[in-house]
Amino acid sequence: MTARSVLAASAAVTCLALPALAEPQAEVLHWWTSGGEAKSVAVLQEEFAERGGTWTDMPVAGGGGDAAMTALRARVLSGNAPTAVQLKGPAIQEWYEEGVLADISSVAEAQGWADVLPDQLAAHMKCDGSWCAAPVNVHRINWIWGNKEILDANGIEMPTTWEEFNAAAEKLQAAGITPLAHGGQAWQDATVFETVVLGLGGAEFFQSALVDLDPEALGSDTMVQVFDEMRTLRGYVDDNFSGRDWNLATAMVMNGEAAFQIMGDWAKGEFLAAGKVPGEDFTCSPTPGEGYLYNVDSFAMFEVEGEDKRAGQELLAELIVGPSFQETFNLNKGSIPVRSDVSLEAFDMCAHISAEDMAADSENGSLLPSYAHGMALRGEPAGAITDVVTAHFNSEMSSEEAVEMLVNAVAAAQ
Amino acid sequence: MTKWLETQVPKLVLAPSFVAILVFVYGFIGWTAWVSLTRSKLMPRYDFDGFGQYAKLFSTPRWDTAITNLGIYGVLFIAISMALGLLLAILLDQQIRVEGAIRTIYLYPMALSMIVTGTAWKWILNPGLGLEAMVRGWGFEDFTFNWLVDPNMAIYTIVLAGVWQAAGFVMALFLAGLRSVDGEIIKAAQVDGIPHWRIYTAIIIPSMAPVFLSAFIVLAHLAIKSFDLVIALTGGGPGYATDLPATYMYAMAFSRGNLGQAASSAMVMMAVVFAIVVPYLYSELRAKND
Amino acid sequence: MTDLAYVSPRAGSRSTGQRLGRIALRWLLYLVLTLFALWFLMPLFVMLTTSLKSLDEIRTGSLIALPREVTFEPWLTAWGSACTGIQCEGLKPYLLNSLLIAIPGVALSTALGAINGYVFAQWRFRGANLLFSLLLFGCFIPFQVVLLPMARMLGLMGLAGTIPGLILVHTVYGIGFTTLFFRNYYVTIPQELVRAAKIDGAGFFRIFWSIFLPLSLPIVVVTVIWQFTQIWNDFLFGVSFSQAGTQPVTVALNNIVNSTTGVKAYNVDMAAAILAALPTLLVYVVAGKYFIRGLTAGSVKG
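Chains as they are written, first to last, in this note's numbering: chain D, 36 to 449; chain B, 461 to 750; chain L, 43 to 344.
Rendered as structure tokens:
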């Protein structure tokens with residue numbers, strides 16, 4: 036071999052090797068900025084750095100991701116999309132249709148995602164059959180949290196139907212305790228609304244009304260009953276609920292000012308942070324009725340230029356779904372891992388209930404995407420429904436009127 | 461040649477600004493107008509689709525609320541800020557000992573963004589935490605101040621915070637106006653024994669017409685752009701009782717993924733601005749030329 | 043000066059009753075002024091006291107109460123270690139970004155406003171009024187409208203996510219107001235001055251430089267205060283046109299204050315809010331006097 040050909044050969048090797056050696060880069064747009072969440076994301080960053088990657092953090096909090104989505108649109112339009120973005124539900128497919136998402140099927144297949152992710156949840160991560168997002172966790176939405184001491188003192192069992200709930204609430208009210216801690220923000224109103232839809236109408240009704248947007252279901256008598264119950268619940272809320280942040284409502288339950296709160300399992304983090312013990316200080320049980328409403332957080336990868344960024348996306352996707360991150364992150368966040376093969380040993384009783392119910396409801400066909408948290412519908416119809424729900428809850432509108440408005444608003448939003 | 465160049469210099473100097481405004485204001489208004497005629501969802505699309513977005517806009521109850529609120533808010537905010545600003549300016553004009561300090565106190569809210577003061581206002585106005593709780597704590601059990609949580613009254617809390625922010629600035633404008641009124645005329649009036657208040661109503665205030673216009677233009681601009689205020693104070697709630705066109709548009713464009721609808725609401729907003737500003741500019745500039 | 047209340051020429055001849063009435067009136071005046079001052083100070087008071095309380099005290103005590111035990115911990119946290127995402131460096135790094143955006147932004151828009159105002163006030167040409175109206179109307183465009191097309195433009199210009207991009211945006215949307223301020227100020231300067239200078243052979247720039255600029259201090263102060271406040275407090279542009287590393291302080295503040303989950307550290311929120319507002323507050327306190335003077339000097343004469 037001549038010197039010249041050695042040179043040529045080594046050059047060829049370097050060229051071939053370069054893509055694999057490219058240092059993974061990732062700029063990550065997310066809105067997990069509060070203490071526990073930020074800690075959880077930091078875990079991911081550390082794992083990323085251990086594998087030789089450089090993580091650039093791009094947090095934008097506010098409005099449950101609204102501000103981040105504003106930034107995202109501007110970034111995409113300017114041709115400067117972030118590498119990875121916290122996105123969930125049908126919004127993933129919406130962005131895919133704009134032709135800006137990257138395909139991460141190679142990672143998904145190499146890591147065998149299909150074997151460890153429940154089918155129904157995995158479907159949210161696919162665009163036209165290929166993988167386009169990496170799931171992080173499963174939050175259950177339809178939880179009702181209770182103050183154990185108050186419930187025991189008033190001899191109240193955890194309600195399993197809305198009628199029982201109303202009876203319990205009357206009793207509490209008579210005893211001078213606010214039955215339901217609630218924050219009057221549109222998304223919180225919507226959260227309560229969807230648990231009532233599930234509880235009164237059942238899984239099938241939920242599916243046809245809030246997922247398939249069947250006008251018949253939306254305009255049905257059942258829906259009138261749902262709004263009736265919302266009006267009843269309005270009476271169980273204290274006077275100052277408007278605009279209250281959800282964590283302040285949680286604090287009311289914690290401090291014994293109120294008995295119940297209906298909120299997703301991030302509320303658990305508040306209880307735990309205050310040193311409360313599940314089962315002893317507070318109770319966690321599903322809201323009245325059968326079924327499981329889920330919210331799966333995920334990251335979507337955007338189409339970017341550059342080998343290092345693409346390497347970053349692949350590494351990121353691999354780590355996000357990896358078992359070690361799934362465990363640490365979800366312990367911090369109050370949710371459960373999306374993978375079915377992660378041991379739940381370190382998790383608390385609420386997480387165990389969540390995991391068991393998810394498996395059972397998945398078989399019964401009552402595992403359903405949350406509408407209030409952007410898992411079931413695209414932005415427009417979901418927003419139209421929320422407008423009606425929050426307008427009804429915050430006024431004297433009759434249930435019949437609300438149902439009529441609901442049907443019209445949904446029809447206009449399609 | 462140089463002579464010609466010399467005469468063209470003023471225009472050449474203006475050219476960069478003018479080009480920038482042409483592109484970044486009028487170009488973008490044109491862009492918005494076009495998008496409002498499409499069915500753009502998440503990202504802009506440019507296929508013409510007629511006036512459907514406008515029809516939808518005017519059949520949406522939430523937009524009705526937003527426009528009504530802009531009316532209530534705009535009128536009250538501008539009127540109260542002006543009245544209060546004028547009152548404060550007149551009071552401050554009475555040879556007050558610590559005028560500098562008081563002026564700064566009145567003026568500082570303008571320096572703060574509502575992201576900063578929003579939380580504080582939210583607490584003060586919250587019946588369970590702020591004023592109401594405090595006054596009740598003093599023993600006035602019947603005192604109620606629950607506008608923030610009352611869908612029919614919440615818009616007035618926005619007015620309250622808006623006035624808080626802008627009144628000091630208007631005061632500064634009026635104070636400057638009062639100070640530039642010719643002292644001789646006032647002295648003459650005093651010598652004639654004309655009562656104090658009459659000097660204000662008959663001489664000083666009428667001579668400040670341009671100040672009123674300046675104040676109006678600044679306030680109108682603030683009213684139409686009010687966005688942070690609502691987001692920070694009520695988030696548009698209770699329900700959507702305090703929605704304004706700016707927040708409606710933002711919600712449509714960025715949280716609902718309905719750009720076409722957002723663009724149509726923006727165009728209506730622009731039309732409102734146009735209707736207010738153009739008559740002002742017309743009168744203002746015509747007066748100058750005479 | 044309109045020295046009305048204090049020395050009225052005939053005050054001396056009034057009766058004691060009237061004098062007492064006058065004193066009472068004076069007290070009333072101070073009372074009203076103080077009440078308004080309290081109203082204006084209330085939110086700042088709430089913010090300040092909250093920022094000096096421990097979280098326990100906030101949870102248990104009234105919001106409108108002085109701290110039982112003063113702690114500066116929240117201030118230190120907000121400055122250097124509050125988490126804005128996974129970086130826990132507080133507001134410190136973002137303040138620099140804001141300065142890097144605000145200073146050139148203010149300087150550019152003020153300079154452009156000055157020269158534009160000079161032209162509109164003293165070098166009228168056919169169509170100048172129309173141009174001026176077009177420029178002014180730009181003040182009123184709601185910023186939400188321009189976000190997306192602006193993003194596209196910045197992308198095309200290669201300025202997406204950069205500080206120069208943000209400077210450009212703020213300059214463009216500041217021109218309307220700065221031009222208005224300067225034009226209204228320069229209009230009050232007699233045209234004879236320009237005519238005389240022209241006869242002496244001075245050109246366009248020469249007149250601006252040696253006659254107008256030296257007179258401009260009051261209005262420059264007004265414009266700088268206005269622009270600095272606008273740019274410093276901007277959130278919408280800052281959040282849309284920045285990327286990691288170029289985010290201004292309002293975006294970081296929003297990340298601290300608007301986190302939706304987890305335990306809320308209100309004291310840190312409040313300390314961070316005051317810190318982020320400190321530069322504008324300072325400008326108002328220090329330059330406030332010149333602000334009124336500048337306005338008096340002519341900007342409001344329309």
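Backbone N, C-alpha and C define an ideal beta-carbon position, used for all residues, glycine too.
Considering residue i, what are the terminal residues of the alpha helix (DSSP H) in which it resides?
{"i": "residue 220 (chain L)", "result": "205–228"}
{"i": "residue 135 (chain L)", "result": "134–164"}
{"i": "residue 335 (chain D)", "result": "Note, residue 335 (chain D): premise wrong, no alpha helix (DSSP H); beta strand (DSSP E) at 327–336."}
{"i": "residue 250 (chain D)", "result": "250–253"}
{"i": "residue 61 (chain D)", "result": "Run containing residue 61 (chain D): none in the alpha helix (DSSP H); it sits in the beta strand (DSSP E), 60–65."}
{"i": "residue 172 (chain D)", "result": "Element bounds for residue 172 (chain D): not the alpha helix (DSSP H) but the beta strand (DSSP E), 168–175."}
{"i": "residue 76 (chain L)", "result": "58–93"}
{"i": "residue 529 (chain B)", "result": "521–552"}
{"i": "residue 625 (chain B)", "result": "614–639"}
{"i": "residue 385 (chain D)", "result": "384–399"}
I'd like to confirm something about residue i: is its beta-carbon nearer than 7 Å to some heavy atom of the ligand COA, or not?
{"i": "residue 253 (chain L)", "result": "Of the ligands one can find in the structure shown there are none, so the ligand COA has no counterpart to examine."}
Can you list, in chain order, the residues of its chain with a C-beta nearer than 6 Å to that of residue i? Leave out the 5 residues immediately preceding and following it.
{"i": "residue 271 (chain D)", "result": "204, 214, 215"}
{"i": "residue 129 (chain L)", "result": "none"}
{"i": "residue 147 (chain L)", "result": "209, 212, 213, 273"}
Mind pulling the chain D residues with CB within less than 8 Å of residue i?
{"i": "residue 275 (chain L)", "result": "By Cβ distance, chain D contributes nothing, its closest Cβ being about 16 Å from residue 275 (chain L), past 8 Å."}
{"i": "residue 296 (chain L)", "result": "95, 96, 97, 102"}
Hey, quick one: how far does the beta strand (DSSP E) through residue i stretch, first residue to last?
{"i": "residue 694 (chain B)", "result": "That residue, residue 694 (chain B), is in no beta strand (DSSP E); it is neither H nor E in DSSP."}
{"i": "residue 353 (chain D)", "result": "Run containing residue 353 (chain D): none in the beta strand (DSSP E); it sits in the alpha helix (DSSP H), 342–356."}
{"i": "residue 404 (chain D)", "result": "402–404"}
Closer than 7 Å by C-beta to residue i: which residues in its own chain qualify, once you throw out the five before and the five after it? Chain order, please.
{"i": "residue 350 (chain D)", "result": "59, 83, 86, 88"}
{"i": "residue 639 (chain B)", "result": "none"}
{"i": "residue 435 (chain D)", "result": "259"}
{"i": "residue 292 (chain L)", "result": "275, 276, 277, 280, 318"}
{"i": "residue 332 (chain L)", "result": "260, 263"}
{"i": "residue 541 (chain B)", "result": "623, 626, 627, 630, 679"}
{"i": "residue 53 (chain L)", "result": "Residue placement at residue 53 (chain L) is poorly supported in this model, since its pLDDT is 44, which falls under 50; the coordinates still yield a value, given next. There are no such residues."}
Could you work out which residues of chain L lie near residue i, taking near to mean beta carbons separated by less than 9 Å?
{"i": "residue 80 (chain D)", "result": "128"}
Just to make sure I have the definition right: I need the residues of chain B whose C-beta is within less than 8 Å of the C-beta of residue i. Which are they?
{"i": "residue 130 (chain D)", "result": "502"}
{"i": "residue 154 (chain D)", "result": "None at all; the shortest Cβ gap to chain B is about 27 Å."}
{"i": "residue 447 (chain D)", "result": "516, 519, 520"}
Going along chain B, which residues have a C-beta under 7 Å from residue i?
{"i": "residue 165 (chain L)", "result": "470"}
For residue i, which residues in chain D fall below 7 Å Cβ to Cβ?
{"i": "residue 282 (chain L)", "result": "105, 106, 109"}
{"i": "residue 300 (chain L)", "result": "96, 97"}
Which same chain residues, not among the five before or five after residue i, have their C-beta less than 8 Å away from its C-beta?
{"i": "residue 606 (chain B)", "result": "587, 592, 613"}
{"i": "residue 699 (chain B)", "result": "611"}
{"i": "residue 100 (chain L)", "result": "92, 308, 309"}
I want to verify the contact list: residues of chain D whose CB lies under 9 Å from the CB of residue i, in sequence order.
{"i": "residue 214 (chain L)", "result": "By Cβ distance, chain D contributes nothing, its closest Cβ being about 16 Å from residue 214 (chain L), past 9 Å."}
{"i": "residue 685 (chain B)", "result": "Near residue 685 (chain B) there are no residues of chain D at all, since even the closest Cβ is about 16 Å away, more than 9 Å."}
Against residue i, what residues of chain L qualify as contacts under a CB-to-CB distance less than 8 Å, listed in chain order?
{"i": "residue 679 (chain B)", "result": "Per Cβ cutoff of 8 Å: no residues; residue 679 (chain B) is ~12 Å from chain L at best."}
Three-pair Cβ contact test at 8 Å for the region 160–180 of chain D versus the region 319–337 of chain D | These segments touch.
Which residues, in chain order, does the region 122–143 of chain L contribute to contact with chain D at a C-beta distance below 7 Å?
-> 125, 126, 127, 128, 129
Taking a Cβ distance cut-off of 9 Å, strictly less, list which residues of the region 691–709 of chain B are near chain D, in chain order.
-> Listed by position, the residues of the region 691–709 of chain B near chain D (Cβ gap below 9 Å) are 691, 693, 694, 695, 696, 697, 698, 699, 700, 701.
Near-chain L residues of the region 478–489 of chain B (beta-carbon distance less than 9 Å), N- to C-terminal order = 478, 480, 481, 482, 483, 484, 485, 486, 487, 488, 489
Could you tell me whether the region 572–590 of chain B touches the region 692–706 of chain B, where touching means 3 or more Cβ pairs closer than 8 Å?
-> yes
Below 9 Å between beta carbons is the criterion; list the residues of the region 212–244 of chain D that meet it against any residue of chain B, in chain order.
-> 219, 220, 221, 224
Specify whether the region 369–387 of chain D and the region 138–156 of chain D touch according to this definition: at least 3 beta carbon pairs, one from each stretch, less than 8 Å apart.
-> yes
When Cβ atoms are compared, which residues of the region 271–301 of chain D fall closer than 9 Å to chain B?
-> Residues 273, 274, 275, 276, 277, 278, 279.
If you pair each beta-carbon of the region 547–557 of chain B with each one of the region 68–76 of chain L, do three or more pairs fall below 8 Å?
-> yes
Is the region 322–333 of chain L in contact with the region 152–167 of chain L, if contact means three or more CB pairs nearer than 8 Å?
-> no
Which residues, in chain order, does the region 545–556 of chain B contribute to contact with chain L at a C-beta distance below 8 Å?
-> Taking 8 Å as the Cβ-Cβ cut-off against chain L, the residues of the region 545–556 of chain B that qualify are 548, 551, 552, 553, 554, 555, 556.
With 9 Å as the C-beta to C-beta threshold (strictly closer), list the residues of the region 180–203 of chain L near chain B in chain order.
-> Flagged, chain order: 180, 181, 182, 183, 184, 185, 186, 187, 188, 189, 190, 191, 192, 194, 195.
Taking three-plus beta-carbon pairs below 8 Å as touching, is the region 316–326 of chain D in contact with the region 115–122 of chain D?
-> no
Along the region 413–426 of chain D, what residues have a CB closer than 7 Å to any CB found in chain B?
-> Contact annotation: in the region 413–426 of chain D, residues whose CB is within less than 7 Å of a CB in chain B are 413, 414, 415, 418, 422, 425, 426.
Members of the region 493–522 of chain B near chain D, C-beta cut-off 9 Å | Within the region 493–522 of chain B, the qualifying residues are 501, 502, 503, 504, 516, 519, 520, 521, 522.
Contact residues within the region 562–578 of chain B, judged by C-beta distance below 9 Å to chain L | Those residues of the region 562–578 of chain B that come within reach of chain L (Cβ to Cβ, closer than 9 Å) are 562, 563, 564, 565, 566, 567, 568, 569, 570, 571, 572, 573, 574, 575, 576, 577, 578.
Counting Cβ pairs closer than 8 Å, one from the region 180–198 of chain L and one from the region 724–731 of chain B, do we hit at least three?
-> yes
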